[in-house]
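Enquirer:
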Amino acid sequence: MKNGNDPEEKLIVSACLAGFPCRYDGKAQPDPEIEDLVKCGKAVPVCPEALGGLPTPRVPCEIVGGSGEDVLAGSARVIAFDGRIAFDCTNAFIKGARAALKAAKDIGAARSVLKANSPSCGFGTIYDGSFSGTRKPGSGVAAALLSENGITIESR
Ligand code: SF4
């Protein structure tokens, strides 16, 4: 990871990369470098989906009809699908994205490191809404909002 020279610089990081078991399946996706950044106080972990009020574990979600930018613009939706029943989680994702942005602003973060492919944290590539494991270009809802507000994103 490219480190800034400012010793006071703080980052926002995906909580699952920091070892918190907040993924939809109740597991973490720990990244030792991110865990160290949190331990030394340089990074603050956020889970936009938890901040949006969703439980853990939870039904997996994908963005249908566009990307995170489109969700924020009101032209795409975030859908949860358990293999039988689908339901709309768009409002929780937008709420969580706004909470993640507030957390970033509160600590003056200009950079973030976010989990790849997630409908919240994915940056540049996300699952395509077919729930088949296929990906498409685009970003998750929180990543889109952070990016729109000038916060740079590294994807892991
Ligand atoms: S990818 Fe983002 S929203 Fe999903 S569990 Fe990790 S921190 Fe939470």
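In this note's numbering, the protein residues as written are 5 to 160. Built from N, CA and C at the ideal position, the CB exists for glycine as well. Keep in mind that this is a model prediction, so the values were computed, not measured.
1) When the Cβ atoms of the region 98–115 are set against those of the region 129–137, are three or more pairs found closer than 8 Å?
2) Which parts of the region 41–116 are runs of the alpha helix (DSSP H), unbroken and 4 residues or longer, counting only runs that do not cross its ends?
3) Please name the residue in ALA103, VAL117, GLY133 and ILE157 whose C-alpha comes closest to that of PRO36.
4) Can you tell me where the beta strand (DSSP E) with GLU12 in it begins and where it stops?
5) Taking the DSSP output, what are the residues bridged to SER18?
6) Do VAL50 and ALA19 have their CB atoms nearer than 7 Å?
7) Have a look at LYS6 and ARG115 and give me their C-alpha separation to the nearest angstrom.
8) Please find out if some non-hydrogen atom of the ligand SF4 comes closer than 6 Å to the beta-carbon of PRO141.
9) Using three-state DSSP, classify LYS6 as helix, strand or coil.
Expert: Reading off the structure:
1) Because the criterion of three Cβ pairs below 8 Å is not met, the region 98–115 and the region 129–137 do not touch.
2) For the region 41–116, whole alpha helix (DSSP H) runs of length 4 or above, ordered along the chain, are 52–55, 72–77 and 94–111.
3) The closest CA to that of PRO36, considering only ALA103, VAL117, GLY133 and ILE157, is found on VAL117.
4) Per DSSP, GLU12 belongs to no beta strand (DSSP E) and is neither H nor E.
5) Note: SER18 sits in a beta bridge opposite VAL50.
6) Yes, the Cβ-Cβ distance between VAL50 and ALA19 is below 7 Å.
7) Confidence at LYS6 is low in this model, with a pLDDT of 48, below 50, so the placement of that residue should be treated as unreliable; the coordinate-derived value is given next. One C-alpha to the other measures close to 10 Å.
8) Relative to the non-hydrogen atoms of the ligand SF4, the Cβ of PRO141 never comes closer than 6 Å to any of them.
9) Confidence at LYS6 is low in this model, with a pLDDT of 48, below 50, so its placement is unreliable and no value can be given for it.
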